[in-house]
Amino acid sequence: MPESTKSESTMSETYRHFTRLFPYPHERIAVGAPATDAMARYDELAQLGHTERFVPFFLNLNDTVLESMVIAVSLEHDIIDDVETLTPEQVSAYTRAVLQRYRTARGGASAEEYGSAAIAQQLRQVMDDGEETHEDDPDDFNLNELVDEFMSSDFLPDKEPEDDAPTLSALLCYELLDEEEKGEMLLLQIPTDDPADIPAYLPFGGWNDCPDAQTQLAFTHYWREKYGAIPAALDGADCLEFLVERPVADPVEAKKVAVEQFAFCSDLPFQVFEDFEQLTEFIHQSRQWYFWWD
């Protein structure tokens, strides 16, 4: 994969700060590089990572995502969120602390057992938050009833299995958008042999309805265990994509996963898709998942 033609002198301050704080090996994706080429390079690194113990991950870096990461690490250490004074050691300590909290909370339970309970708890929280938001007119928007009606409906998706290799939306956008609208796409080598741990290595979330890193780990480990679904790209601070090794083939199970994804990203069935039915159709047989938070 050819690297960006930007010289050392023209590297953005955002890039300089990020690579100082997160010194992960990486490649810089050239502006306008074909998405298919970037995916091919990802696949190569995924194979290499099995022996060298790293996981490839795309990050479309911009000021907002760096600021979000700095804030997350600073909150962990109860310090001022200053990108100039934050250190790589504090970032590493953040990663260790988040992973330890997840492992302690999980205890001896399997990823599926713990994840199932954590997702149910997150769903209850999303439901409660939604009801509080609309408490002035509860008849206008009742999330519990909406989900119950969806799950008990006769609707079932009927999509055929996908033959084509998946291409991440973040890469397609990076290929096609004008340069001034892009961030800087990096293909990182995250130093872990478990892709489900990525949320601990790249602080993200904990704002608005986006779960914090420890909650994300419950979802990522659960989905990796059940479907081979792993985080593959973070496009700015608000779009996360997964690649899915074992797509959800059962139509009824696809409905269940749609509700799980709603717990993870409550904007999904209302702002990204038209409704739960359309979200379910996207999930069924799909080799990639997409999340966006407002």
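Just so we're aligned: the sequence shown equals residues 1 to 294 in the UniProt record's numbering. Cβ coordinates follow ideal geometry from the N, Cα and C atoms, glycine included. Keep in mind that this is a model prediction, so the values were computed, not measured.
{"Query": "Three-way DSSP call (helix, strand, coil) for Arg20 in this model", "Result": "helix"}
{"Query": "Beta-carbon proximity check, Leu168 vs Ala232, cutoff 8 Å", "Result": "yes"}
{"Query": "Straight-line Cα distance separating Met39 from Pro2", "Result": "Note that Pro2 scores a pLDDT of 39, beneath 50, so its modelled location is shaky; the value from the coordinates is reported in the next line. Distance between the alpha carbons of Pro2 and Met39: 13 Å."}
{"Query": "Boundaries of the alpha helix (DSSP H) in which His50 is found, first to last residue", "Result": "35-52"}
{"Query": "is_contact[Trp223, chain C] using C-beta, thresh 8 Å", "Result": "The structure shown contains no chain C; it holds only a single protein chain."}
{"Query": "7 Å Cβ shell around His284 - same chain, five flanking residues per side excluded", "Result": "Pro157, Lys159, Val248, Pro251, Ala254"}
{"Query": "C-alpha gap between Val70 and Phe155, whole angstroms", "Result": "44 Å"}
{"Query": "DSSP three-state assignment for Trp207, whether helix, strand or coil", "Result": "coil"}
{"Query": "From Arg28, Phe54, Thr64, residue whose alpha carbon lies closest to that of Ile190", "Result": "Phe54"}
{"Query": "Three or more C-beta pairs below 8 Å linking the segment 76-89 and the segment 104-122", "Result": "no"}
{"Query": "Helix, strand or coil at Cys239 [DSSP, three-state]", "Result": "strand"}
{"Query": "Best match in Asp209, Thr280, Ser286, Lys256 for proximity to Gln125 [C-alpha to C-alpha]", "Result": "Asp209"}
{"Query": "7 Å Cβ shell around Glu260 - same chain, five flanking residues per side excluded", "Result": "Ile119"}
{"Query": "Three-state secondary structure (DSSP) of residue 295", "Result": "The displayed coordinates of the chain run from 1 to 294. Any statement about residue 295 would go beyond what the structure contains."}
{"Query": "Every unbroken beta strand (DSSP E) inside the UniProt domain \"DUF4253\" (187-294) [3 residues or more]", "Result": "229-235, 239-244, 288-292"}
{"Query": "Closest residue to Thr14 among Gly183, Ser153, Tyr42 (Cα-Cα distance)", "Result": "Gly183"}
{"Query": "Three-state secondary structure (DSSP) of Ile71", "Result": "helix"}
{"Query": "Reduced DSSP secondary structure (H/G/I, E/B, other) of Leu177", "Result": "coil"}
{"Query": "Collapsed DSSP secondary structure at Glu27 in the structure displayed", "Result": "strand"}
{"Query": "The segment 88-96 contacting the segment 44-51, beta-carbon criterion three pairs below 8 Å", "Result": "no"}
{"Query": "Cβ separation of Pro211 and Val73, assumed to be a contact under 8 Å, to the nearest whole Å", "Result": "Not quite, the Cβ-Cβ distance comes to about 17 Å (not below 8 Å), so this is no contact."}
{"Query": "Distance between beta carbons of Gly236 and Val31, contact taken as under 8 Å", "Result": "So it is not a contact: roughly 16 Å between Cβ atoms."}
{"Query": "C-alpha distance - His221 paired with Phe291, whole-angstrom precision", "Result": "17 Å"}
{"Query": "Short Cβ contact (8 Å threshold) for Phe58 with Ala165", "Result": "no"}
{"Query": "Alpha-carbon to alpha-carbon, Asp267 and Asn142", "Result": "15 Å"}
{"Query": "Beta-carbon contacts of Val244 that lie in its chain and below 7 Å, excluding the five residues immediately before and after", "Result": "Tyr227, Gly228, Ala229, Ser286, Arg287, Gln288, Trp289"}
{"Query": "For Asn60, the three-state DSSP class (helix, strand or coil)", "Result": "strand"}
{"Query": "Cβ distance (whole Å) where Glu162 is taken to contact Pro34 below 8 Å", "Result": "About 20 Å; that fails the 8 Å criterion."}
{"Query": "Unbroken alpha helix (DSSP H) run spanning Pro88, endpoints", "Result": "88-106"}
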